[in-house]
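First up is the structure itself, then whatever we jot down about it.
Numbering (our numbering), first residue to last: 1055 to 1258.
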């Protein structure tokens, strides 16, 4: 047997032995890798409720977010105004549905999708606008319902405990796209739509 054949046999033997050793002695994951593995398989869903809207308006404002990766998420929230009484607000949002995409930054933990974030959103909403008309010393108030679509951006901060408890504080503004027949000459300018709240919830 010449040297070339000996080298080929030795190389094949070493490769087989190395593969066998890897099967018998798997590399142990570090704590960081274990957290990342757990993150990729668990706790990708979030539900929350805006307690600020519930107390101030009142309104029912639930939110759902799917954790796409440790750096991003997609979701949607709904806002429903609950009171039928006169609020005294000239322009009142009565219903909205807002899909959004978020990008998370500055997270040093593998268990991510928390901390500072920026988001882009598309908001469809309905609102009431009131106007008071004065004629000959008498006044009358007119109220109309409108629907509008806005596109905007927001920022916020999210805290998530190891058990899954979550607090999300954020706000943003969007430019109205002008799909409604809202009359600015009658009701005044309405170029932007706001978004924000203080959400308490759970990641599971």
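All C-beta atoms, glycine included, are put in the ideal place defined by N, C-alpha and C.
Let me confirm a value: residue i is counted as buried when at least 16 other C-beta atoms fall within 10 Å, else exposed. Which label applies?
i            : result
residue 1152 : buried
residue 1243 : exposed
residue 1088 : exposed
residue 1119 : buried
residue 1150 : buried
residue 1083 : exposed
residue 1041 : Here the chain covers residues 1055 to 1258 and nothing more, so residue 1041 does not appear.
residue 1258 : exposed
residue 1115 : buried
Can you name, in chain order, every residue of its own chain whose Cβ lies under 6 Å from the Cβ of residue i, other than the five neighbours on each side?
i            : result
residue 1213 : 1221
residue 1196 : 1185
residue 1117 : 1102, 1131 and 1253
residue 1159 : 1170
residue 1238 : none
residue 1109 : none
residue 1215 : none
residue 1168 : 1212 and 1214
residue 1172 : 1157 and 1209
Cutting at 8 Å between CB atoms, please list the residues of its own chain near residue i, excluding the five before and the five after it.
i            : result
residue 1113 : 1104, 1107, 1133, 1134, 1135 and 1136
residue 1256 : 1100, 1101, 1102, 1218, 1219 and 1220
residue 1230 : 1202, 1203, 1204, 1244, 1245, 1246 and 1247
residue 1235 : 1200
residue 1129 : 1100, 1117, 1118, 1119, 1120, 1153, 1154 and 1156
Of the residues the options, which one's Cα is nearest the Cα of residue i?
i            : options                   : result
residue 1176 : 1223, 1200, 1247 and 1251 : 1247
residue 1209 : 1182, 1083, 1198 and 1249 : 1249
residue 1241 : 1146, 1178 and 1192       : 1146
residue 1223 : 1216, 1251 and 1215       : 1251
With a cut-off of 8 Å on the beta carbons, I'd call residue i and residue j a contact; round off their distance for me.
i            : j            : result
residue 1126 : residue 1098 : Wrong, their Cβ atoms sit about 12 Å apart, outside the cutoff.
residue 1206 : residue 1226 : 6 Å
residue 1122 : residue 1170 : In fact, because the Cβ distance is near 17 Å, the residues do not count as touching under 8 Å.
residue 1124 : residue 1166 : 3 Å
With DSSP as the reference, please indicate the residues paired to residue i in a beta bridge.
i            : result
residue 1173 : 1156 and 1208
residue 1132 : 1151
residue 1116 : 1103
Could you tell me whether any non-hydrogen atom of the ligand PLP is closer than 7 Å to the CB of residue i?
i            : result
residue 1249 : What this structure holds is no ligand at all, so the ligand PLP is not there to describe.
What residues in its chain sit with their C-beta under 7 Å from that of residue i, if we drop five residues either side in the sequence?
i            : result
residue 1199 : 1180 and 1182
residue 1328 : Outside the displayed span of the chain (1055 to 1258) sits residue 1328, for which this structure offers no information.
residue 1148 : 1135, 1180, 1181 and 1182
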